[in-house]
Amino acid sequence: MTTPRNTHLIVTARLISDFGAFLNMVALATYVYLLSNSAMSVGIFLASRVGGGIFASLIGTAFYRRCGGRAPLIAFDLLRASVLGLLLIVPVNQQALLLPVIAFGLGLGNSMFAIGLNSQLPRLIHADQLLKANAWITSASSAAMVGGSLVSGLLVAGFGFETVFALNALTYLLAALLIVPLRFEPATVNDEPDRGEWTALKQGLRATPVIAAMLAVTMADTLGSAAHNVGFPIISKLLTPESASTTLGLMLAVWASGKLLGARIASRLKGSDNIHLERRFFFGVALMSCGFILMFQQHSLYGLLLFSLPAGLGDGFSEVGLMSRLQREPERLRLPIFSVLTLLQMTGFGIGMLIAAPFYGWWTPGAVVMLFHGIPLGTLLTIKLLALKRGRVARSSPTPAP
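Taken in order, the sequence shown gives residues 883 to 1284; the numbers are from this note's numbering.
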């Protein structure tokens, strides 16, 4: 295993592919609305994308048990490039029915790529370098978000949608080329699927309740993330009606810069034991939720940008802690854990968007975000109380608590 070489290739591939992902996230949503002039069409497009991610989480474990290594990662990059290429060859007047299919393909490709890469990273990177590698990957993703979000509008305005889609397809092709030289260590488990796999996962979560707690917090956090994503354009328009899109771009850029900084700090802190990674994750979620709650209480652009930074810092902390901790689980459990993680994130985000949106018609943005980000904070508090109770039982009992 050539860890430095693999790390450089993975980080560069992630930077390029995530740049493409954020590029099409902004450009495609705008394109769908301009093509259909219907908010419902945008909703169907976004729902199809989430649906592709949910489907990926359901088939990911069985698929990667049979097809590991770099070939499927390359294939899903090619899939994403191909579905975007359809927009370049299909006439515009025939694209309306095709767009949900494209969205589903992108959602499927994005999630399958993430499941495959995250679950197989310990086969590419030495265990003692995983924390730093995850920090670099998170940093690359954050930089890609800043670049993709800010550049997308400029590229559309200057060169048109077709050029942006062509460039986007090219980013996935480049990412696929960077995957080709990767060298994987052989898998340590049988590639054949185990009929008792999900039972084994349940037993594994019972044996390591902190992993179950981290997944529960992730699900709760996804509901909060859905709420603030719905609220971003709303708060931007409320604070700066004349330049809402500029404010939104600045806010995302500051948030992503905070995430990049948080990832770098998380990788340099002393202590890399499991308990340190778990604490970083829980602290990061708390900081992120508090940051977003404070962001949406502001009445000025400067206040909004000021609290975007700690929200991003918390996101960087939590992501590095979560990925690094889950990758330390035995290989037999890693795939189902990352599949479940993707399922929780996709369903939580999709459901959260549907639930949170109506609240903005009834309440102020600050109240909505406080409610939905109160869910992960409440989950963290509940988990802490349960851990204290478990500790008291263990101390007072002559035998370990079950």
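Glycine included, C-beta positions come from ideal geometry on N, C-alpha and C.
For this session: For the region 940–954 and the region 974–986, state whether three or more C-beta atom pairs, one from each stretch, are separated by less than 8 angstroms.
Result: no
Exercise. Distance, Cα to Cα, G1166 vs F901?
Worked result: 24 angstroms
Exercise. Do the CB positions of L1302 and A1015 come within less than 8 angstroms of each other?
Worked result: What the structure shows of the chain is the stretch from 883 to 1284, and residue 1302 is not part of that stretch, so it cannot be assessed.
Exercise. In chain order, what residues of the same chain have a beta carbon less than 7 angstroms from the beta carbon of L1285, not counting five sequence neighbours either side?
Worked result: With the chain covering only 883 through 1284, there is no way to say anything about residue 1285.
Exercise. So which of L905, M907, R1214 and M1027 has the shortest CA-CA distance to K1084?
Worked result: For K1084, the nearest C-alpha among the options comes from R1214.
Exercise. Residues in its own chain within less than 6 angstroms of A848 by CB, not counting five upstream and five downstream?
Worked result: Missing from the structure shown is residue 848; the chain here goes from 883 to 1284 and no further.
Problem set entry | Best match in A895, L1169, M1133 and G950 for proximity to S1182 [C-alpha to C-alpha] | Ranking A895, L1169, M1133 and G950 by Cα distance to S1182 puts M1133 first.
Problem set entry | C-alpha gap between D1103 and A1168, whole angstroms | 9 angstroms
Problem set entry | Inter-residue spacing [alpha-carbon to alpha-carbon] between S1034 and L1263 | One alpha carbon belongs to S1034, the other to L1263, and they sit about 39 angstroms apart.
Problem set entry | T1246 versus G1042 - alpha carbon distance | T1246 and G1042 have their C-alpha atoms spaced approximately 36 angstroms apart.
Exercise. Quick one, which of G1230, L960 and P954 has its alpha-carbon nearest T1053's?
Worked result: L960
Exercise. In whole angstroms, what separates the C-alpha of I892 from that of S1139?
Worked result: 20 angstroms
Exercise. Taking the alpha-carbon positions, what's the G862 to G991 distance?
Worked result: This structure cannot speak to residue 862, because the chain is shown only from 883 to 1284.
For this session: Report the residue ranges of all alpha helix (DSSP H) runs contained in full by the region 1195–1267; include only those spanning at least 4 residues, in chain order.
Result: Restricted to the region 1195–1267, the alpha helix (DSSP H) segments that are unbroken, complete and at least 4 residues in length are 1213–1244, listed in chain order.
For this session: Measure how close the beta-carbons of I1007 and N1156 come, nearest whole angstrom, since I'm counting them as under 8 angstroms.
Result: No, I1007 and N1156 are not in contact; Cβ-Cβ is about 17 angstroms, not under 8 angstroms.
Exercise. Taking three-plus beta-carbon pairs below 8 angstroms as touching, is the region 1247–1260 in contact with the region 983–990?
Worked result: With a cut-off of 8 angstroms, the region 983–990 and the region 1247–1260 do not count as touching, because too few Cβ pairs lie within range.
Problem set entry | Beta-carbon proximity of S1171 to P1063, cut-off 8 angstroms | no
Exercise. Using the rule of at least 16 other Cβ atoms within 10 Å of the residue's Cβ for burial, across every protein chain shown, is R931 buried or exposed?
Worked result: Buried, by the Cβ-count rule.
Exercise. What do you reckon, are the CB atoms on F1174 and A1193 nearer than 8 angstroms?
Worked result: yes
Problem set entry | Span separating the alpha-carbon of M1205 from that of M1096 | Taking the straight line from one Cα to the other gives about 11 angstroms.
Exercise. Is the CB-CB distance between I936 and M1235 below 8 angstroms?
Worked result: no
Exercise. Out of T1129, A1025, N1050 and A1239, which has the shortest C-alpha to C-alpha gap to G1106?
Worked result: A1239
Problem set entry | Distance between beta carbons of F1189 and L1176, contact taken as under 8 angstroms | The Cβ separation is near 4 angstroms, so the contact holds.
Exercise. In terms of residue numbering, what span does the alpha helix (DSSP H) encompassing S1171 cover?
Worked result: For S1171, the enclosing alpha helix (DSSP H) has its first and last residue at N1156 to M1177.
For this session: Can you give me the Cβ contacts of G1113 inside the same chain, cut-off strictly under 7 angstroms, excluding the 5 residues immediately before and after it?
Result: F1178, Y1242, P1247, V1250 and V1251
Problem set entry | Where I1061 sits in the DSSP three-state scheme | Secondary structure at I1061: helix, using DSSP grouped into helix, strand and coil.
Problem set entry | L955 vs I1061 beta-carbon contact at 8 angstroms | yes
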